[in-house]
Each structure stands twice: as C-alpha cells, then as structure tokens.
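Protein chains in written order, with my numbering: chain B, 1 to 232; chain P, 1001 to 1434.
From the three backbone atoms N, C-alpha and C, an ideal C-beta is built for every residue, glycine too.
Let me begin by presenting the structure, written as structure tokens, before commenting on it.
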C-alpha cells in the first residue's frame, strides 16, 4: 500500500487552560489516500472545523502527529510551512473571502502572487483556471458584481490555480441555493475524478457527504464512524 | 510574494478606502506643508545672510583694530590715560567713542604674526560731494572693496584695480537724482568728486562710472561710491596734502588676510595670537553669526510646531491602518492560509503606511513650494521691498527630499503598530465564521 497523503495519528487539540480548558479534538486517528474524496461530517461544535484546520496545517495539534506524504509536519516552521501550504493545498470556504473591489482575475491569482510567480505566468494560469470553470468572460469584472454561484466558482478557480494536490472545502455549498450548490458539487467531484486532486469536504449536509468516497463522522472531538472502516 | 508585488499590492490597497485615505493624507499634508514652509523660511533668510556676508567681506579676511587700554564715557570704570594715537572711530558705536590708530609699525607687527598672509590698512576717505556735469551736488561716502568682496551690480562691471583710469561704482539711488538717466545709461559717464585737503583746499577729481550697485541690506557700497585702486589712491593722496608725513599713515583699522583654507580652530588660534599682540580681530562671520543663530533658533521653533502637526497626523495613520486591518481580517487570514508569511503581511501594511506618508508629504511639499514662492514674491514687492535681494522663502532640494523622507519614516513608524497586529493575526481565528 502506498504512503497515505495525509496521516493523522492520535491528534488532540485543546483551547484555553485550567477551568476553561476545552478539548476540541480528543484523539483522532485516520489516513487519507491520494485521489480520495472524503467528507468530514459533524454538527456545529463537533470539532470538524478544528480537525480541518489541523490537517490543513493552519493550526498545530496540542499532541499527536499529522504526516503529509509520510513527513512529520511538526518539524515544519515559518517559511517552509508557508510554502508547503501554498503549494499543496487549495481552500474553498463557505464564505467566499473574495476582495470585492478587485477583479475576478486578481482574486484568482492571489495564491500565485503569494508564491512569487511572475506577472505574465500568473495571468495565463489564472485565465486557464477561469476557463476551466467557464468564467473566462468575467475575468475583468469586479468580484463584487458576481452571483453567488459565480463567486463560489471563482473561489474554486482560486483554489485550483496553483495546482494543489489537496483541496479543502469547508461547507462549499452552504451559501448557495440547491441548483447552484449542485453545480458547484459537480465541479468539485469532477476535479477529484479527472485531475486526481484529493478532496476533503467539511460539511453537516448528509447529501453532500453521501457523494464522497468516504465519510468521517466527528462527534464531541472523537471520530465516531469511518465509512471505509465499516466497509472493510 | 515578490517584493515588487508587495509594493504593488500595498499601493493599490491604499486606494481601496478612498475617503479614509484622503483624510489621512490631508492630515499629513498639513504637517508636511508647514514643515516645508518653515524650513524654506530658514533657507531663504540664511541664504540672504550668506549673500550679505560675501558682499560685506571675504571669508579669509578679518578686521583688526588696536585694543584700547580702557573705555571712556559711560562704560569707563576710571580715568583713562591720554593716548596721542587715539582717533575718532569710523566704526559704528557710541558717538565720540575712540579707537587707537594703527601706525605703520603696528602694520609691520601684524604682518609678522604667524598665519597672517597680508595686511591692508583701511583708509578712511571722506569726500565733500559728487556731481555729474552741472547737476546737483550730493554728499556721498567712500566705500572700500577688499579682495573677495563682491558688489551686487545692477549694471556695468566692478571697478578694475589693474588700470590707471579713475573708475567708480555708484549706488543705484544716486543715478537718477544726479541726472544720469537710468542705471544702464549711467555707465561710462564722467562724474566729478570734490575733496578737501588738510589745508582746507578743495580739489575736484573726475572719474568714470563703470558700474551701478543695487541696494542691499549690508552692501559694501551702501550710500557710498566704490573706487578702484587708482581712484582710491588719488583721493587719499589729495586728502592728505599738507598732513605731516608721520601723521598721514594713521589707520583706524586694517584688514588681515589669512589662509582661505583655515579651519575655525585655525582662525580662533590666529585671533588669540593677535590678541596677545594687543589687537582685536573679528571676521565677518563673527559679526553675522549672531543673526544666524537667532534665525536658526526661530526656524527650529517653527519646525518643532510642524513636527507636532506631523505627529498628530501620524496618529491618524495609526487609526486608518487599524481600521483597515480590522476590515481586512478575513483577507489577511486567507492570505496567511495560502502561505503568506508574517513578515510579508507586516511589509504589506507598513509599506502602505509609508506610501500614505509619501503621498501626503509629496503633495504638501509641492503645494508649499508653490505657495511659498507666491508669498515671497508678493512680500518682496510690498512689505519687504526695502530688502532687495531677499527671497523670504527659498527651497533647498536636499531639504525637500529630507522632509519627504522624514514624513515617510514617521508614517512607517506609525504603520508598524497596525502592521504588527496584522502580522500576528491567527488565520484560523480570522477565518472563523460560526
């Protein structure tokens, strides 16, 4: 068996100390393999967002290890950590986090700008990503003037532009109506299937979770059910 | 993120919230404007004094008088012994004050002192009147031009000391009353100078006007004509006809030349040596140093006010950027999630602050220069018309650049506080929306 792209080993995460200590994760262990589509499912406050932040290296676990392609990430610090995040991950959030007054293209190429890619290459790769999401004609529009579905597609283009190996989608359809939400889901799963990008979706929506290869149910900071384990 | 992209992003972020940025820029503008005007005032006045210094005397000359044994008049603290060499002073001072005359022997002593390159006695010549053709007769003084001095000329040239022709430079205020037309037409005309010798005999000497001096606060000419050496000799000899030879060579003061490369320390050492020999020496810089000190002091106080205005404006920058950091929390979080380092986030905001500072100061400096030039040209035509040659507010390019840099530095410092907050922001915290 190949090395899992992400390996989570007994991860604990707690906030505060003493009386106010709150344990968001109480020992979670699982592996994610390349090309999988995974749903992390749980209610609000279950610890699913914390888990995503830890896997996405936005937050360090209190104890336990997160391995990225077999490499212990606790050793990653500062510039290397930032570069790893920039090159490996793409993010799609429920709230779009677009800069309203900038053009759609400007928003999409932000990860490339941060990576230090040159102006010309930024533009061509940004346009390619927009092309892929059928937004090329909106490239010069202000992000402010897009519809909800267009905004979420812009966000996906932004997640995609730096050719990440893993895309994190935190409630990607939470702000969209059913029809648009379905379109956005299709796009994400197409990327997963056709480009082999590992997709990690955080959601409380059972229908969305059902479309993933595998579901991890989180409750009170514990992994209560892993659909892969059940199947096996 | 590339440095050029950080600059680009910082600059475009500056214009994201236009009203707020413009108000902040206005606050800085006021400070930079004031600072530019006050420093321009200092530059203008000091430049005027410098011009005046070079026209009053060369930098390698000091005026030497013989130190008097004791003061007379009000300042006296006892009877003063009679000194047969004491003569009435031509220098400014209380009427009736005297100085001890320098004799040829004194001049030799002076020439022998280490560091003295040359000694030139200052002749005092007093003429009765000056007249052009049959025109009115006017009382006029005789000025002295020593090497290194320049006369601000309206027309013509400085008197030529190398020629045997009798030449002079006339103050501009004499030209019209004497019937010489305007400054240009006076050049080349002949004038008559009347001088009385020791035997009460009046002599008339003809000389040619070669130049017309403009009026200045401390022009060597003033209301005096400036002769060339030939005319000066002629006048001095005529004046001393009938004076016993040993009495003719008496001078109230002398000019001592020293090495032009002398440092301040060399000059004060030379003064000490002169004092040991019983002479009092002062350079032109000594005489005008006081003015400059006072003006520098005033300008310093004015600059301090401008700096206070800038400090107030810098709090505006802190405020603006704090609001901006607050508004862009999500964006900062996103950029950090995407792998933007803390240092880069810090640079992004502090460069934005410096850029706001640059805009405010650049606009302030440019408008201050326009306003300052307008003010000084209006004033020099009205209120300050009596001080020709004075540009009240002048601008020194280096000072302008320094002002812009100082304002940018202040703005940068003001920006570090919000920038540090942005850099510290936790991406997880900023992206939370539950």
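When DSSP labels each residue in this structure, what does residue i get in the three-state scheme?
i: residue 53 of chain B; result: helix
i: residue 1235 of chain P; result: helix
i: residue 1346 of chain P; result: helix
i: residue 1019 of chain P; result: helix
i: residue 150 of chain B; result: helix
i: residue 1102 of chain P; result: strand
i: residue 1355 of chain P; result: helix
i: residue 1108 of chain P; result: helix
i: residue 18 of chain B; result: helix
i: residue 43 of chain B; result: coil
i: residue 1040 of chain P; result: helix
i: residue 1130 of chain P; result: strand
i: residue 1062 of chain P; result: strand
i: residue 1167 of chain P; result: strand
i: residue 1311 of chain P; result: helix
i: residue 224 of chain B; result: strand
i: residue 31 of chain B; result: strand
i: residue 142 of chain B; result: strand
i: residue 1048 of chain P; result: helix
i: residue 1322 of chain P; result: helix
For the beta strand (DSSP E) that residue i lies in, which residues bound it at each end?
i: residue 1204 of chain P; result: 1202-1213
i: residue 67 of chain B; result: 63-68
i: residue 1408 of chain P; result: Note, residue 1408 of chain P: premise wrong, no beta strand (DSSP E); alpha helix (DSSP H) at 1397-1424.
i: residue 1004 of chain P; result: Unbroken run through residue 1004 of chain P is the alpha helix (DSSP H), 1003-1014; no beta strand (DSSP E).
i: residue 1154 of chain P; result: 1153-1156
i: residue 1190 of chain P; result: 1190-1196
i: residue 169 of chain B; result: 166-170
Can you check whether the CB of residue j is closer than 8 Å to the CB of residue i?
i: residue 1316 of chain P; j: residue 1427 of chain P; result: no
i: residue 1176 of chain P; j: residue 1242 of chain P; result: no
i: residue 1379 of chain P; j: residue 1359 of chain P; result: no
i: residue 1411 of chain P; j: residue 1357 of chain P; result: yes
i: residue 198 of chain B; j: residue 55 of chain B; result: no
i: residue 1337 of chain P; j: residue 85 of chain B; result: yes
i: residue 1352 of chain P; j: residue 1010 of chain P; result: yes
i: residue 1186 of chain P; j: residue 1230 of chain P; result: no
i: residue 1036 of chain P; j: residue 1400 of chain P; result: yes
i: residue 1128 of chain P; j: residue 1196 of chain P; result: yes
i: residue 1364 of chain P; j: residue 1029 of chain P; result: yes
i: residue 1067 of chain P; j: residue 1280 of chain P; result: yes
i: residue 1061 of chain P; j: residue 1257 of chain P; result: yes
i: residue 41 of chain B; j: residue 215 of chain B; result: yes
i: residue 174 of chain B; j: residue 94 of chain B; result: yes
i: residue 1416 of chain P; j: residue 1350 of chain P; result: yes
i: residue 149 of chain B; j: residue 1002 of chain P; result: no
First and last residue of the alpha helix (DSSP H) that includes residue i?
i: residue 1253 of chain P; result: From DSSP, residue 1253 of chain P is part of no alpha helix (DSSP H) but of the beta strand (DSSP E) over 1253-1258.
i: residue 202 of chain B; result: Per DSSP, residue 202 of chain B belongs to no alpha helix (DSSP H); it is in the beta strand (DSSP E), 198-203.
i: residue 123 of chain B; result: 119-132
i: residue 89 of chain B; result: Where residue 89 of chain B is concerned, there is no enclosing alpha helix (DSSP H), although the beta strand (DSSP E) it sits in stretches over 89-93.
i: residue 1117 of chain P; result: Per DSSP, residue 1117 of chain P belongs to no alpha helix (DSSP H); it is in the beta strand (DSSP E), 1116-1122.
i: residue 1331 of chain P; result: 1329-1337
i: residue 113 of chain B; result: 110-115
i: residue 185 of chain B; result: 178-195
i: residue 1186 of chain P; result: 1183-1186
i: residue 982 of chain P; result: What is shown of chain P runs 1001 to 1434, which leaves residue 982 of chain P out entirely.
Report the residue from the options whose alpha carbon sits nearest the alpha carbon of residue i.
i: residue 220 of chain B; options: B:178, B:4, B:12, B:97; result: B:12
i: residue 91 of chain B; options: B:144, B:69, B:163, B:63; result: B:163
i: residue 1376 of chain P; options: P:1293, P:1041, P:1138, P:1276; result: P:1041
i: residue 77 of chain B; options: P:1321, P:1341, P:1245, P:1004; result: P:1341
Going by beta carbon distance, what residues of the same chain come within less than 6 Å of residue i, once the five residues before and after it are set aside?
i: residue 1047 of chain P; result: 1394
i: residue 96 of chain B; result: 151, 155
i: residue 213 of chain B; result: 36, 37
Applying a beta-carbon distance threshold of less than 9 Å, which residues of chain C neighbour residue i?
i: residue 1020 of chain P; result: Structure shown: chain C not included; protein chains present are B and P.
Looking only at its own chain, which residues have a Cβ that is under 8 Å from the Cβ of residue i, when we skip the five neighbours before and after it?
i: residue 1189 of chain P; result: 1132, 1180, 1208, 1209
i: residue 187 of chain B; result: 133, 153, 156
i: residue 105 of chain B; result: 123, 126, 127, 130, 139, 140
i: residue 1213 of chain P; result: 1151, 1152, 1153, 1154, 1169, 1170, 1171, 1172, 1219, 1221, 1226
i: residue 1268 of chain P; result: none
i: residue 112 of chain B; result: 121, 122, 125, 126, 161, 162
i: residue 1093 of chain P; result: No answer about residue 1093 of chain P holds up, because its pLDDT of 44 lies below 50 and its placement is not dependable.
Looking only at its own chain, which residues have a Cβ that is under 7 Å from the Cβ of residue i, when we skip the five neighbours before and after it?
i: residue 1090 of chain P; result: At residue 1090 of chain P, the pLDDT of 46 sits below 50, so the modelled position is not reliable; the number obtained from the coordinates is stated separately. The residues are 1124, 1252.
i: residue 1113 of chain P; result: 1273, 1274, 1277
i: residue 107 of chain B; result: 98, 99, 143, 154, 158
i: residue 51 of chain B; result: 25, 28, 40, 218
Is residue i a contact residue of the ligand ADP, with contact defined as CB to any heavy atom under 7 Å?
i: residue 1347 of chain P; result: The ligand ADP is not part of this structure, which contains no ligands at all.
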